[in-house]
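FYI, in numbering that gives the first Met the number 0 the residues of the sequence shown are 0 to 85.
For every residue, glycine included, the Cβ atom is placed at its ideal position computed from N, Cα and C.
The model shown is predicted, which means the values in this text are computed figures rather than measured ones.
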Amino acid sequence: MNILTDNVIPGNHGKIFATNAIEDLDLLEIKTSLMELDGINDVIVNTDIFPREFTIYTSKMIPISEIENRVKLVGFHAIPKSVFKL
Numbered sequence: 000m001n002i003l004t005d006n007v008i009p010g011n012h013g014k015i016f017a018t019n020a021i022e023d024l025d026l027l028e029i030k031t032s033l034m035e036l037d038g039i040n041d042v043i044v045n046t047d048i049f050p051r052e053f054t055i056y057t058s059k060m061i062p063i064s065e066i067e068n069r070v071k072l073v074g075f076h077a078i079p080k081s082v083f084k085l
């Protein structure tokens, strides 16, 4: 457990999450729910691949557990992908 694997770090690289949501309406609901969190600047949803993915861009450090819990409230799961490549 370290700062890079437990948090979404601010910057232009974002953090990618996979989700079990498939329908566009469900993905929009996830995006809307996440945008309510303080510090999230943008959520970009990628519907071209399966499983669906979304990238979160932040202005401050946000714990991944907070994002996972927010998506669970909508009824889906968010699984963080590996740390960004340098």
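The straight-line gap separating the alpha-carbon atoms of V70 and N40 is approximately 17 Å. Restricted to the region 6-68, the beta strand (DSSP E) segments that are unbroken, complete and at least 3 residues in length are 14-18, 39-45 and 52-57, listed in chain order.
The alpha-carbon of M60 is positioned some 27 Å away from that of I48.
The region 2-9 makes no contact with the region 18-28: fewer than 3 CB pairs, one atom from each, lie closer than 8 Å. Note: I78 is bridge-paired with A17 in the DSSP secondary-structure output. Taking 9 Å as the cut-off, the beta carbon of E52 is found no closer than this to the beta carbon of F75.
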